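Student: Following numbering that gives the first Met the number 0 from start to finish, the sequence shown increments by one per residue and tops out at 570.
Below is one structure. I have some questions about it.
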Amino acid sequence: MRLRALLDTDALGLRLLGGEDELDRTVRGVMTTDLRDPSRYLSGGELVLTGLAWRRDATDSEPFVRILASAGVTALAAGEAELGPIPEDLVAACARHRLPLFAVNESVAFATITEHVVRQVSGERAGDLAAVVDRHRRMMTSGPAGGGPDVVLDLLGSDLDLRAWVLSPAGRLIAGSPDAEPGLPSAVCAALAGEHLAAVRTGRRGPYRVAVGGTTYSLFPIRSSGRGTGTAGAAVTTGAPGAPGSRDVRETVLSDWLLAVEADAGDWPAERLDLLEGVTQLISVERDRRDAARTVRRRLAQEVLELVQTGAAPGEIAARLRVAAPVLLPGLGAAPHWQVVVARVEWDGGEIEGGPVAQALLEEILVDPLSSGPEPSDRIAVAHTGEEAIALVPLPAVSSEHDGSEAGLHADTLLAAVRDPLTAGLDDDGRLTLGVSASVHSAEGLRGALEEARHARRVAAARAGRVCAAGHQELASHVLLLPFVPDDVRRAFTARLLDPLRDYDRRHRAELIPTLEAFLDCDGSWTRCAARLHLHVNTLRYRVGRIEQLTSRDLSRLEDKLDFFLALRMS
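Structure (structure tokens):
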């Protein structure tokens, strides 16, 4: 479609501010952004919509317009709803770069313009998705007539006979069309998310075609436009315009959703691929809206965190929690218990700010893996400070009926749900570590819970692996001490006790090390250990005697048993 046609559509509320000679340009898509550098999301031919949140002063207009012009953008439309009349410096910059500029009346929503452009462009390219884009307003509204991503997927099924699902980067099922019930198994979701993240990290262009369980899927990235307060907007805008970090895929790879379609898009015509890309844009708008809704919860978490860290009086913290509880657990009269989760995302080189990335990631993964839909995440408040993200997770009051060690989130369960897909996204240059506190029921316990979660995260960080987690249960065990033993001390201690046994095993093809491990695991019981190893008791006694002879230790003494146990754990 032509720019002239947009200007002639009164319902869009567009007013031309410059570029009258360029109105015959073709519009091939639409994008909403408030990023200072949105170039990574542009492919050329777009009508760019912006609320001007990127503009801090008059000097920002020139670099922003230059980026759009270099990317081949067709035109820019700036909203008047927040800042009023369009600044003259933006008008002048667009004139210098011959980029047509429109003002959007404050009474017109960007979603209305997006709907019109997608419908017109889709209608020109193909008719098979006309019904989907024609009902775009249903997709983007909430309440009984809407439904967000679910409605989009429902229309994909009814109009194109496509089974499709929206997944989080950790493999959580966010939405699925009704005809796709009972949905994807959790293992398939995790596998698809991992394939998607691996493809993004290797620089492949979507859609990505993968086969899981004998079924072929096409995966379409759903990227945030940055208009909300999600990762893309929060992380990218932290850098200076044009800074290398502002374009790094690692800032968004762990938070962007994906659309999984049960089909092989390899033989699709270009028109249908373009239309599916348009559908991902529609879902992205809904994603941005939900990200923006997290602003209040993030602010509550930040306020509580600041009070806790500055040593505020418990009464003051309790008052803030009373404000937070109805927001995070609407409809529940009783004050909940709370857990604290601390996360840190670290990339090699250190040029990527890890706090915002970890914040958005926690908002995605701190949801019951068995639940579907985005609503459970509305009950999680996450703040970030420096390179660390801290989640305040409310637990319904019913959890108080259980022992604190059993209620709420568990580090091992959380780790099992997200480790495989997120490892693919972290590739070989990133690391995620998580620490989970016990539940507390009062403001007095929050400071201790925060320190407990931080200490658990440090225990997790001492382990091998791209994704590691530790919980409060482990802080009462020897494993709390082992990660912090200096490497030289660790090597000397284990070498003194275990190297003689390893040398003997290597020379004689014996099995003294496995025998020692089994003996300690059986608490020194000769009968149980012999049965486990399928040995005669006398053979076991011979091996244990050889261990004692080679190491000058006595396995009947508690101290020597403990030394061997720790050496095996540290080796």
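Note that CB positions come from ideal geometry on N, CA and C, so glycine has one too.
The model shown is predicted, which means the values in this text are computed figures rather than measured ones.
Between the C-alpha atoms of A76 and R1, what's the straight-line distance to the nearest angstrom?
Tutor: Residue mapping note: residue 76 aligns to position 77 of the sequence shown, counting from 1. Residue mapping note: residue 1 aligns to position 2 of the sequence shown, counting from 1. Distance between the alpha carbons of A76 and R1: 14 Å.
Student: Going by beta carbon distance, what residues of the same chain come within less than 6 Å of L82, once the five residues before and after it are set aside?
Tutor: The residue given as residue 82 occupies position 83 in the sequence shown. Answer for L82: L51, listed in chain order.
Student: Work out the CA separation of H383 and T294 for me, nearest whole Å.
Tutor: Mapped onto the sequence shown, residue 294 falls at position 295. Mapped onto the sequence shown, residue 383 falls at position 384. Straight-line Cα distance between these residues: approximately 13 Å.
Student: Spell out the partners DSSP gives I221 in its beta bridges.
Tutor: Taking the sequence shown and counting its residues from 1, the one referred to as residue 221 is at position 222. W256, per the DSSP bridge assignment.
Student: Considering I173, what are the terminal residues of the beta strand (DSSP E) in which it resides?
Tutor: Reading the sequence shown from its first residue, position 174 is the one you call residue 173. Counting along the chain, the beta strand (DSSP E) containing I173 begins and ends at 172-175.
Student: If you draw a straight line from the alpha carbon of G170 to that of E362, how long is it in whole angstroms?
Tutor: For the purposes of this step, residue 170 is identified with residue 171 of the sequence shown, where counting begins at 1. For the purposes of this step, residue 362 is identified with residue 363 of the sequence shown, where counting begins at 1. Their backbone Cα atoms lie some 13 Å apart in a straight line.
Student: Can you tell me whether E45 is buried or exposed? The criterion is at least 16 other CB atoms within 10 Å of its CB, across all chains shown.
Tutor: In the sequence shown, residue 45 corresponds to position 46, counting from 1. So E45 ends up on the buried side.
Student: Hey, could you find the ends of the alpha helix (DSSP H) G193 is sitting in?
Tutor: The residue given as residue 193 occupies position 194 in the sequence shown. Segment 185-200, the alpha helix (DSSP H) holding G193.
Student: Where does T309 fall in DSSP's three states?
Tutor: Taking the first residue of the sequence shown as 1, we reach residue 309 at position 310. It is coil, neither helix nor strand.
Student: By Cβ distance, which residues of its chain are closer than 7 Å to Q548, with the 5 residues on each side in sequence left out?
Tutor: Translated into the one-based positions of the sequence shown, residue 548 becomes position 549. Result list for Q548: empty, nothing under 7 Å.
Student: Just tell me which of V151, W256, S524, A311 has its CA closest to the CA of L360.
Tutor: In the sequence shown, the residue the question calls residue 360 occupies position 361. Here the closest residue by C-alpha is W256.
Student: Is the segment 308-325 touching the segment 269-281, taking contact as three or more C-beta pairs under 8 Å?
Tutor: No: fewer than three Cβ pairs fall under 8 Å.
Student: Going by DSSP, what residue range makes up the alpha helix (DSSP H) through Q548?
Tutor: Counted from its first residue, the sequence shown places residue 548 at position 549. Per DSSP, Q548 belongs to the alpha helix (DSSP H) from 536-550.
Student: Roughly how many angstroms separate the alpha carbons of G403 and V116, rounded to a whole number?
Tutor: The residue you call residue 403 lines up with position 404 of the sequence shown. The residue you call residue 116 lines up with position 117 of the sequence shown. The pLDDT assigned to G403 is 40, lower than 50, so where the model puts this residue is not dependable; a value taken from the coordinates is nonetheless given after this. G403 and V116: Cα-Cα distance of roughly 54 Å.
Student: How would you write the range of the alpha helix (DSSP H) that I66 sits in, first residue to last?
Tutor: Against the sequence shown, residue 66 aligns to sequence position 67. 60-69 is the extent of the alpha helix (DSSP H) around I66.
Student: Residues bridged to Q338 by DSSP?
Tutor: The residue you call residue 338 lines up with position 339 of the sequence shown. Answer is V392, bridged to Q338.
Student: For the alpha helix (DSSP H) holding C93, just list the boundary residues, first then last.
Tutor: What you label residue 93 is simply residue 94 of the sequence shown in a count that begins at 1. Element bounds for C93: 87-95.
Student: Under the three-state reduction of DSSP, which class applies to T49: helix, strand or coil?
Tutor: Taking the first residue of the sequence shown as position 1, residue 49 is located at position 50. Residue state, collapsed to three classes: strand.
Student: Measure the C-alpha to C-alpha separation of R540 and W525 and round it to an integer number of angstroms.
Tutor: For the purposes of this step, residue 540 is identified with residue 541 of the sequence shown, where counting begins at 1. For the purposes of this step, residue 525 is identified with residue 526 of the sequence shown, where counting begins at 1. Going from the Cα of R540 to the Cα of W525 covers about 8 Å.
Student: My guess is that A415 and T432 are in contact by the Cβ rule of under 8 Å, so how many angstroms apart are they, rounded?
Tutor: Taking the first residue of the sequence shown as 1, we reach residue 415 at position 416. Taking the first residue of the sequence shown as 1, we reach residue 432 at position 433. About 16 Å; that fails the 8 Å criterion.
Student: Considering R495, what are the terminal residues of the alpha helix (DSSP H) in which it resides?
Tutor: Against the sequence shown, residue 495 aligns to sequence position 496. Taken as a continuous stretch (DSSP letters only), the alpha helix (DSSP H) holding R495 covers 486-507.
Student: Quick check on DSSP: helix, strand or coil for A74?
Tutor: The count along the sequence shown starts at 1 and reaches residue 74 at position 75. Strand, per DSSP.
Student: Here's the rule I'm using: 16 or more other beta-carbon atoms within 10 Å means buried, otherwise exposed. How should L183 be labelled?
Tutor: Here the question's residue 183 lines up with position 184 in the sequence shown. It is buried - the Cβ of L183 has at least 16 other Cβ atoms within 10 Å.
Student: Within 10 angstroms of the Cβ of H507, are there 16 or more other Cβ atoms? Answer buried if so, exposed if not.
Tutor: Against the sequence shown, residue 507 aligns to sequence position 508. With fewer than 16 other Cβ atoms within 10 Å, it is exposed.
Student: Considering only their Cβ atoms, is the gap separating A68 from L41 smaller than 8 Å?
Tutor: The count along the sequence shown starts at 1 and reaches residue 41 at position 42. The count along the sequence shown starts at 1 and reaches residue 68 at position 69. Result no, Cβ atoms of L41 and A68 do not sit closer than 8 Å.
Student: Alpha carbon to alpha carbon, what distance is there between L13 and A324?
Tutor: If you number the sequence shown from 1, residue 324 lands on position 325. If you number the sequence shown from 1, residue 13 lands on position 14. Their backbone Cα atoms lie some 43 Å apart in a straight line.
Student: Considering Cα atoms alone, identify which of V252, A566, V260, E451 is closest to L218.
Tutor: For the purposes of this step, residue 218 is identified with residue 219 of the sequence shown, where counting begins at 1. Selected option, being the one with the closest Cα: V260.
Student: Could you check what DSSP says for A382 in three-state terms: helix, strand or coil?
Tutor: Sequence index remark: in the sequence shown, residue 382 carries index 383 (1-based). Here A382 sits in strand by DSSP.
Student: Excluding sequence positions up to five away, which residues of its chain have a Cβ less than 6 Å from the Cβ of A74?
Tutor: Looking up residue 74 in the sequence shown gives position 75. Closer than 6 Å at Cβ, skipping near neighbours: L2, L46, P99.
Student: Can you say whether H535 is buried or exposed, counting buried as having 16 or more other CB atoms within 10 angstroms of its CB?
Tutor: Indexing the sequence shown from 1 puts residue 535 at position 536. By the 10 Å Cβ count, H535 comes out exposed.
Student: What would DSSP say about A566, mapped onto helix, strand or coil?
Tutor: Along the sequence shown, read from residue 1 onward, the residue named residue 566 stands at position 567. In this structure, A566 counts as helix in the three-state DSSP scheme.
Student: In the structure shown, what three-state DSSP assignment does E400 receive?
Tutor: On the sequence shown, position 401 is the one that residue 400 refers to. In this predicted model, E400 has a pLDDT of only 42, less than 50, meaning its place in the structure is not dependable enough to derive any value.
Student: Taking the alpha-carbon positions, what's the T550 to P499 distance?
Tutor: Here residue 550 refers to the residue found at position 551 when the sequence shown is read from its first residue. Here residue 499 refers to the residue found at position 500 when the sequence shown is read from its first residue. Taking the straight line joining both Cα atoms gives about 7 Å.
Student: How many angstroms separate the CA atom of L304 from the CA atom of V326?
Tutor: Taking the sequence shown and counting its residues from 1, the one referred to as residue 304 is at position 305. Taking the sequence shown and counting its residues from 1, the one referred to as residue 326 is at position 327. Roughly 16 Å separates the two Cα atoms.
Student: Identify, in the order they occur along the chain, each residue of the same chain with its Cβ nearer than 7 Å to the Cβ of R343, setting aside the five sequence neighbours on each side.
Tutor: Along the sequence shown, one-based indexing puts residue 343 at 344. Excluding sequence neighbours, R343 sits near G353, A357, E386, E387, T432, R456.
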